[in-house]
Each structure stands twice: as C-alpha cells, then as structure tokens.
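S.K.: In terms of our numbering, the sequence shown opens at residue 461 and continues consecutively. Note that CB positions come from ideal geometry on N, CA and C, so glycine has one too. Below is the structure I would like to discuss, written out as structure tokens.
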Amino acid sequence: MLQSVMGRLRGLAGLFWREVAKFGAVGGVAFVIDTGIYLWLLNGPLSDHPTRAKIVSAVVATLFSWVANRYWTFRHRRGTNIAREVMLFAVMNGVGIAIAAGCVYVSHWMLGFTSAYADFVAGSVVGLVLGTIFRFFAYRFWVFTEELDAEPEFAHDHELLEPEKPRI
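Following this line, the structure appears as structure tokens:
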C-alpha cells in the first residue's frame, strides 16, 4: 500500500515537473521577447509611458506563449473547444499583464522609482515572476484542462491520478 502511494506521488511529481520544465522553456523565450520589446519601447517610441510599453511588450510575448503552450507544454491537455481556450487564456494573461503593469505603476508612480532600470526591474523581474506563477497554475487548472492520452509520453498519466482498485 505505502509503496503504491509512493509510486503515485513520484509519478505525479514527474508529470508536474515535465510541465513546469516546458512551461519554463516557453517562459524563457517569452521573457526574451517581452524584455527586448519593452527595452526598445522604453528607449524609443514609448519612453514617457513605461506602463504602456509594458502592456505592449507583454501582449506580443503572450501571443507567442499561447501558441507554444498550446502546442508543446500542454499539448496533451488542449481541448477541442479552441474558442474556450483562447478566451480563458486571454483572461488569465490579462490578469498576468495587469500584475506586471501594476508592479511598474506602483514602482514608477507611487514609489517614485522613475529610472528605466527601476521600470525594468518592476515590470520584467518582479512583475514577471508574480505573473508567471499565476499563469502556470491558471493554464494548468483552468485553460488546458483536457486529459488526453494520445501522446505516448503521457499515455499513462491518468493512472497516476486514479487509485488502484483493490484485488479480491
């Protein structure tokens, strides 16, 4: 019994960490996209509007993130109702973008840290970390919720969630 429980816990941890690793890789690329655009906007067309610059850069990175997470990270969980997924993804990312933009707003306008460096740290470090934690759990539990066994890598994951039936 204890061995069965421990086996299931190890399996669940493995499943969770596979998703975390893929989500992290997608997030790393999205971070580069977000940061590159944000710094370009801060030093160019939106130099007087750091909050708007953060929103624009985050939206572009989010579009990349949706494609990568749907077709790679959570490909075994994507549903057939793409409109539902897109809507939930947009809502969850709106919250994530608001978290990052809110960090910039608080830092820049309320705390008075007005340098480009402070805006970057607030939006692309603090805001990104907080938003990423929120996004992972939102995607995992609300957006990509189907449990599909078509992928060989994930074919037996549902067995980790179901208790073994007692043998008689």
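#1: Measuring straight from C-alpha to C-alpha, what distance separates R537 and F596?
#2: Counting C-beta neighbours from all protein chains within 10 Å, is the total for Y577 16 or more, i.e. buried, or is it exposed?
#3: Counting C-beta neighbours from all protein chains within 10 Å, is the total for Y498 16 or more, i.e. buried, or is it exposed?
#4: Assuming H568 and A582 make a contact with CB atoms under 8 Å, what is their CB distance in whole Å?
#5: If V564 sits next to P510, beta carbons under 8 Å apart, how far is it from one beta carbon to the other, in whole angstroms?
#6: Contact check, L523 vs A513 under 8 Å by CB: the rounded distance?
#7: Taking 8 Å as the cut-off, does the CB of C563 come closer than this to any heavy atom belonging to the ligand COA?
#8: Around the Cβ of W477, are there at least 16 other Cβ atoms within 10 angstroms (buried) or fewer (exposed)?
#9: Rounded to whole angstroms, what is the Cα-Cα separation between N541 and M547?
#10: I need the straight-line Cα distance from V603 to V480, nearest angstrom please.
#11: Scan the segment 560 to 602 and note each continuous alpha helix (DSSP H) run of 4 residues or more that stays entirely inside, going in chain order.
#12: Measuring alpha carbon to alpha carbon, tell me which residue in G487, R470 and M466 is nearest S584.
#13: Measure the beta-carbon distance from F594 to G556 and round it to whole angstroms, keeping in mind my assumption that it falls under 8 Å.
#14: Should S591 and A560 be called a contact, given that it needs their Cβ atoms to be closer than 9 Å?
#15: If you count every other CB in all the chains shown that lies within 10 Å of the CB of M552, and 16 or more means buried, which is it?
#16: Report all residues from its chain with a CB closer than 8 Å to the CB of G587; omit the five preceding and five following residues, and keep chain order.
M.R.: With the given structure in hand:
#1: 13 Å
#2: exposed
#3: buried
#4: 7 Å
#5: 6 Å
#6: In fact, because the Cβ distance is near 17 Å, the residues do not count as touching under 8 Å.
#7: The ligand COA is absent from the structure shown, which contains no ligands of any kind.
#8: exposed
#9: 10 Å
#10: 15 Å
#11: 576 to 581 and 587 to 598
#12: G487
#13: 6 Å
#14: The sequence given here places Gly at residue 591; Ser does not occur at that position. Contact: yes.
#15: buried
#16: K514, I559, A560, A561, G562, C563 and V564
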